[in-house]
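In my numbering, the protein residues as written are 14 to 239.
All residues carry an ideal CB built from backbone N, CA and C; glycine is no exception.
Just so it is clear, the structure is predicted and the values come from calculations on it, not from any experiment.
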């Protein structure tokens, strides 16, 4: 049976027993990029800054663990032991990126190379996007599973693309060969036929924490208190 969905494409179902929000999906894992130095925040590591009772990174991990994602990989580099301490009670897997100072591409590569070979897809998640919810993640997983043409699932809010992006394992070789400051943007541009835009209800896909101003704005406008 086929359904109709966005872009007027026929939708066929990937082999999976999961429906949106029904529990962990063994097909999809998450890779959190948490290795960088956060230079725009000054001497502080932004991932440890508090929003409410949790650190920024802890909010990201919590959202993924509440979603259908089956497992969470955290890519470490700068202050790796401190991150492990912050997440000591969380069920995550760590992978060390010794080349993290060379750029985000090295962290994507390290994370994807550690993904289990049975995984059909991976969400690449920035460690500084604390407003992302399990609902948003599950929408990406749902669209990925409902349409085999959705090999690069990009969330959109008000028609503008954001993060995180869910990648089919077809692109794991390219992702694992990234280096330097090259992220996935060029791969998305080069493979536009594989991109599936997934409308979501939250502007969180556009919100990360790069500066102290970003952090204070989140604490004020989104109700967080340190």
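Check, Outcome
"When we look at the beta-carbon of residue 202 and count the other beta-carbons within 10 Å, is it buried (16 or more) or exposed?", "exposed"
"Keeping to the same chain, check which residues put their C-beta closer than 7 Å to that of residue 72; ignore five residues upstream and five downstream.", "64, 143"
"Which first and last residues belong to the beta strand (DSSP E) in which residue 41 is found?", "41 to 46"
"Between residue 138 and residue 75, how many whole angstroms is the CB-CB distance? I'm expecting something under 8 Å.", "No, residue 138 and residue 75 are not in contact; Cβ-Cβ is about 12 Å, not under 8 Å."
"Go through its chain and collect everything with a Cβ distance to residue 88's Cβ below 7 Å, but skip five positions before and after it.", "44, 45, 46, 47, 48, 108, 110, 120, 123, 124"
"Below 8 Å, how does it come out for the stretch 211 to 229 and the stretch 186 to 196: are there three or more Cβ pairs, yes or no?", "no"
"Helix, strand or coil for residue 27 per DSSP?", "Confidence at residue 27 is low in this model, with a pLDDT of 37, below 50, so its placement is unreliable and no value can be given for it."
"So, for residue 99: in the same chain, excluding its five sequence neighbours on each side, which residues have a beta-carbon less than 6 Å away from its beta-carbon?", "68"
"Beta-carbon separation of residue 147 and residue 80 under 8 Å?", "yes"
"From this set, 204, 104, 91, 84, which residue's C-alpha is nearest residue 136's C-alpha?", "84"
"Exposed or buried, which one is residue 205 when buried takes at least 16 other CB atoms within 10 Å?", "exposed"
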